[in-house]
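Notes follow the structure.
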Amino acid sequence: CPASDPSPVEFDSAISYVNKIKNRFLDHPEIYRSFLEILHTYQKEQLDVKESRGRPGSGMTEDEVFSKVASLFKGQEDLLSEFGQFLPDA
Amino acid sequence: SYDFTPLDSSAVYVLSSMARQRRASLS
Numbered sequence: 004c005p006a007s008d009p010s011p012v013e014f015d016s017a018i019s020y021v022n023k024i025k026n027r028f029l030d031h032p033e034i035y036r037s038f039l040e041i042l043h044t045y046q047k048e049q050l051d052v053k054e055s056r057g058r059p060g061s062g063m064t065e066d067e068v069f070s071k072v073a074s075l076f077k078g079q080e081d082l083l084s085e086f087g088q089f090l091p092d093a
Numbered sequence: 271s272y273d274f275t276p277l278d279s280s281a282v283y284v285l286s287s288m289a290r291q292r293r294a295s296l297s
């Protein structure tokens, strides 16, 4: 697969994972919404960093994303460890 | 089948892009 596009396997894993989180937090939609917000903030900041050609110190790091998701998924270790498999520097 | 909203789909996009970056950084 070209390095610039997610492979079908990566895409399928992401679909299954989002579906799993959505179902796990059916009774707590605010947790699911917070998860989406973290991802969108991360993506937006990644784009901002690209546009500003990697301004040092800007953007949310993978560590920050992981720790935000960890505090959101407290007690859901399986979800957290699966999330770590998506992070580039986990 | 999944009942995904546009927000869900964009989360899928972000996650799969992260996985792609991870693959690129490991290769």
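These protein sequence lines map, in sequence, to chains A and B. Take any residue in the first sequence, note its place counting from 1, add 3, and you have its number in our numbering. Take any residue in the second sequence, note its place counting from 1, add 270, and you have its number in our numbering. Each residue gets a CB set at the ideal place from its N, CA and C atoms; glycine is no exception. Being a predicted model, the structure only gives us computed values, none of them experimental.
Asked                                                                                                                                                                           : Found
Taking one C-beta from the region 41-51 of chain A and one from the region 279-293 of chain B each time, how about it: are there three or more such pairs within less than 8 Å? : yes
So that I know if they touch, is there some Cβ in chain B lying closer than 8 Å to that of H43 of chain A?                                                                      : yes
Is the CB-CB distance between G87 of chain A and F76 of chain A below 8 Å?                                                                                                      : no
Figure out for me which residue from A:L29, A:S7, A:I24 has the closest Cα to the Cα of S84 of chain A.                                                                         : A:I24
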